[in-house]
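Below is one structure, written out as structure tokens; comments come after it.
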Amino acid sequence: MSDNITVAGVSVDTRHWIDGERVASAGTFTDHSPIDGTVLGEIARGGPAEAQAAVAAARDAFPGWAATPRAERARILHAVADGVEKRIEELAIVETTDNGALLRSHRRGVMPRVAHNFRFFADWLLRLDHEDFETRGHTNHVSWDPAGPCVLITPWNAPLMLATWKVAPALAAGDTVVLKPAEWSPLTASLLADIAAEAGLPAGVLNVVQGYGSEIGDALTSHPDVRRISFTGSVPTARRIAESAAANLTPLSLELGGKSPLLVFADADLDLAVDLAVEQYDNAGQVCLAATRLLVEEPVAEEFTRRFVEKATALRQGDPRDEDTDIGPTIHPRQLEKIDGFVRRAVAVGARAVIGGRRGDGQYYAPTLLTDVAQDSEIVQEEVFGPVLTLQTFTGEDEAVRLANDTRFGLAATVATGDRERAERVSARLVAGTVWVNCFFVRDLQAPFGGSRQSGVGREGGTWSFDFYCDLKNTVTAPKGWDHNHG
Numbered sequence: 003m004s005d006n007i008t009v010a011g012v013s014v015d016t017r018h019w020i021d022g023e024r025v026a027s028a029g030t031f032t033d034h035s036p037i038d039g040t041v042l043g044e045i046a047r048g049g050p051a052e053a054q055a056a057v058a059a060a061r062d063a064f065p066g067w068a069a070t071p072r073a074e075r076a077r078i079l080h081a082v083a084d085g086v087e088k089r090i091e092e093l094a095i096v097e098t099t100d101n102g103a104l105l106r107s108h109r110r111g112v113m114p115r116v117a118h119n120f121r122f123f124a125d126w127l128l129r130l131d132h133e134d135f136e137t138r139g140h141t142n143h144v145s146w147d148p149a150g151p152c153v154l155i156t157p158w159n160a161p162l163m164l165a166t167w168k169v170a171p172a173l174a175a176g177d178t179v180v181l182k183p184a185e186w187s188p189l190t191a192s193l194l195a196d197i198a199a200e201a202g203l204p205a206g207v208l209n210v211v212q213g214y215g216s217e218i219g220d221a222l223t224s225h226p227d228v229r230r231i232s233f234t235g236s237v238p239t240a241r242r243i244a245e246s247a248a249a250n251l252t253p254l255s256l257e258l259g260g261k262s263p264l265l266v267f268a269d270a271d272l273d274l275a276v277d278l279a280v281e282q283y284d285n286a287g288q289v290c291l292a293a294t295r296l297l298v299e300e301p302v303a304e305e306f307t308r309r310f311v312e313k314a315t316a317l318r319q320g321d322p323r324d325e326d327t328d329i330g331p332t333i334h335p336r337q338l339e340k341i342d343g344f345v346r347r348a349v350a351v352g353a354r355a356v357i358g359g360r361r362g363d364g365q366y367y368a369p370t371l372l373t374d375v376a377q378d379s380e381i382v383q384e385e386v387f388g389p390v391l392t393l394q395t396f397t398g399e400d401e402a403v404r405l406a407n408d409t410r411f412g413l414a415a416t417v418a419t420g421d422r423e424r425a426e427r428v429s430a431r432l433v434a435g436t437v438w439v440n441c442f443f444v445r446d447l448q449a450p451f452g453g454s455r456q457s458g459v460g461r462e463g464g465t466w467s468f469d470f471y472c473d474l475k476n477t478v479t480a481p482k483g484w485d486h487n488h489g
């Protein structure tokens, strides 16, 4: 196979990146664009051999990178950010072609955020210190020691941004990385390897291996030299990773699925609430944080629904490269089948499609709103990961909170209300890693991010990321016992 493919005029190497070199595999897998099904190219398909080589490279590179002074690590991460900023247009068009998300979003928001991820953790590293404290005259000094090689497994819905949420803090912490991108959207991870090498990241510090699920994943997550595993994806895959990591007691950070609620109270600004609800169709609903369960207080439910339908039906669905497009395609035929199956089963047991409820051409699914759904139904309880919302009503705070918390997930929640005290009361009772009040998807990297219940284990962001990617050490020093002859 050819080592390089051209995507929208951008050359992308299809081989793995291991120990500072491009490495081919005997097998390949085909990468398609969800926009129109076009074959983008054949991608190196790794397995146990490539996993072993990548972990070995990370292990061998670790002592040198861990010993690199903080200021130098930060300088290199800023150089990576510089490289990302120089190639924003290339990264944007490649990722849009590969995963179908809006080009305008990649240009204006996602790729600049990728650069910010590196800058933020580089800067945070330089001020990462606890003050020493005393215990009966003894001095306690807490330090963050680099943990070792990390395996980072990332999803397809925001490939580069979600990868760099993990890669940046791991590298800043002094760890080395084996990044395994999702097989449905692998291309920008390959470009990241080029950018990191150009920025001066030493060989073996960042490795990128491609492949299908367990073919390569099991060898990575069960490897005894791996010191941390971070995964974003589905609950079933997380269970498999946890089982694989258990033999070595490898610490895990898991950011998993969600079935998040949007609670709309009668005192809310309805225009704002409708805007928040329609925003949940972003990226064709393929967002783990999406508030897919609309819970609306009965007195305003009819008017809310009318305004929602008016705004949602005005959304333009089509080619994500078009500046006027609001919703692009679903990522893969299998995902489209999954979404359609959820909706068909829901309608079969009594749900009503107020809008949508049908496929479009190709891999497009119409924005859908389902009403007349039971709280214990599949469509309310399970993550669809597509442009499908449900609407239920409630009669007061207690019922709103009960419905909001009545799933096995707890990733996020959104509250729309004009009453500050109500916002505080309700937010305190919601089971969620993040609660947004009268806003959505405001994500500051200083804040902890993660889920409760089956939405995840651990937190990312700010010092929480370093707590995970480091081994925290407390050194306790006695006030006496020194040999003064040696200074």
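Each residue of the sequence shown is one higher than the last, beginning at 3 in the working numbering. Positions of the beta carbon are idealized from the N, C-alpha and C atoms, including for glycine.
Residue burial classification, T16 (beta-carbon count within 10 angstroms, cutoff 16):
If you number the sequence shown from 1, residue 16 lands on position 14. Residue environment: T16 is assigned as buried (16 or more neighbouring CB atoms within 10 Å of its CB, all protein chains considered).
Using DSSP bridges, identify the partner residues of Y367.
On the sequence shown, position 365 is the one that residue 367 refers to. Under DSSP, Y367 takes part in a beta bridge, and its partners are R361.
Inter-residue CB distance, V417 and L265 (contact presumed, cutoff 8 Å)
Taking the sequence shown and counting its residues from 1, the one referred to as residue 417 is at position 415. Taking the sequence shown and counting its residues from 1, the one referred to as residue 265 is at position 263. At roughly 5 Å, the Cβ-Cβ gap stays under 8 Å, so V417 and L265 are in contact.
Taking 7 Å as the cut-off, decide whether the C-beta atoms of A59 and D21 are in contact.
The residue given as residue 59 occupies position 57 in the sequence shown. The residue given as residue 21 occupies position 19 in the sequence shown. Closer than 7 Å, so yes.
Nearest-angstrom Cα distance between V86 and A117?
Against the sequence shown, residue 86 aligns to sequence position 84. Against the sequence shown, residue 117 aligns to sequence position 115. Looking at the two C-alpha atoms, the distance is approximately 6 Å.
Output the boundary residues of the beta strand (DSSP E) element that contains D178.
The count along the sequence shown starts at 1 and reaches residue 178 at position 176. Contrary to the premise, residue 178 reads as Thr rather than Asp in this sequence. In this chain, the beta strand (DSSP E) harbouring T178 covers 178-182.
Compare the Cα-Cα distances from G176 to each of L194, G330, G260, A76 and report the closest residue.
Counting from one through the sequence shown, the residue named residue 176 turns up at place 174. Put simply, of L194, G330, G260, A76 the residue whose alpha carbon is nearest the alpha carbon of G176 is A76.
Which residue marks the beginning of the beta strand (DSSP E) containing K261, and which one marks its end?
Residue mapping note: residue 261 aligns to position 259 of the sequence shown, counting from 1. Careful: K261 lies outside any beta strand (DSSP E) and carries neither H nor E.
With the cut-off set at 7 Å, would you say A124 and C472 are in Cβ contact?
As a position in the sequence shown, residue 124 is number 122, starting the count at 1. As a position in the sequence shown, residue 472 is number 470, starting the count at 1. Contact: no.
Assuming L105 contacts P322 under a Cβ cut-off of 8 Å, what Cβ separation, rounded to an integer in Å, is found between them?
Start at 1 with the first residue of the sequence shown, and residue 105 comes out as number 103. Start at 1 with the first residue of the sequence shown, and residue 322 comes out as number 320. About 6 Å separates the beta carbons of L105 and P322, which is inside the 8 Å limit, making them a contact pair.
Does the distance from the C-beta atom of K261 to that of T409 stay below 7 Å?
The sequence position of residue 261 within the sequence shown is 259, counting from 1. The sequence position of residue 409 within the sequence shown is 407, counting from 1. Yes.
Residues near T307 by beta carbon distance below 6 Å, same chain, minus five either side
On the sequence shown, position 305 is the one that residue 307 refers to. If you ignore the 5 residues before and after T307, its C-beta comes within less than 6 Å of no other C-beta in its own chain.
For T137, count neighbouring Cβ atoms within 10 angstroms of its own Cβ and tell me buried if that reaches 16, exposed if not.
To locate residue 137, count along the sequence shown from 1; it is residue 135. With fewer than 16 other Cβ atoms within 10 Å, it is exposed.
Straight-line gap, A199 to A205 (C-alpha atoms, nearest Å):
For the purposes of this step, residue 199 is taken as residue 197 along the sequence shown, with counting starting at 1. For the purposes of this step, residue 205 is taken as residue 203 along the sequence shown, with counting starting at 1. Roughly 8 Å separates the two Cα atoms.
For the pair the region 90-100 and the region 169-189, tell me if three or more CB-CB distances fall below 8 Å.
The region 90-100, when compared against the region 169-189, does touch it at the 8 Å Cβ threshold.
Identity of the residue in S224, P331, P226, T8 nearest N285 by Cα:
Along the sequence shown, read from residue 1 onward, the residue named residue 285 stands at position 283. If we check each option's Cα against that of N285, P331 comes out closest.
Grab the span of the alpha helix (DSSP H) containing L297 for me, first residue to last.
If you number the sequence shown from 1, residue 297 lands on position 295. Looking at the DSSP string, L297 is not in any alpha helix (DSSP H); the run it does join, the beta strand (DSSP E), is 295-299.
Compare the Cα-Cα distances from S27 to each of G213, V228, N159, L42 and report the closest residue.
One-based indexing of the sequence shown puts residue 27 at position 25. Ranking the options by Cα distance to S27, first place goes to G213.
Would you be able to state if there are at least three C-beta pairs under 8 Å between the region 107-115 and the region 36-45?
A contact between stretches requires three or more CB pairs, one per stretch, nearer than 8 Å, and the region 36-45 fails this requirement with the region 107-115.
Figure out for me which residue from E74, T419, R404 has the closest Cα to the Cα of L432.
As a working note, residue 432 is residue 430 in the sequence shown. With distances taken between Cα atoms, L432 lies closest to R404.
Whole beta strand (DSSP E) elements within the region 191-265, 3-residue minimum:
Every beta strand (DSSP E) of 3 residues or more that sits fully in the region 191-265 is shown, in chain order, as 208-210, 230-234, 254-257.
Which listed residue (P335, A480, V437) has its alpha carbon closest to that of G102:
Within the sequence shown, residue 102 is the residue found at index 100, counting from 1. That would be P335, whose Cα lies nearest to the Cα of G102.
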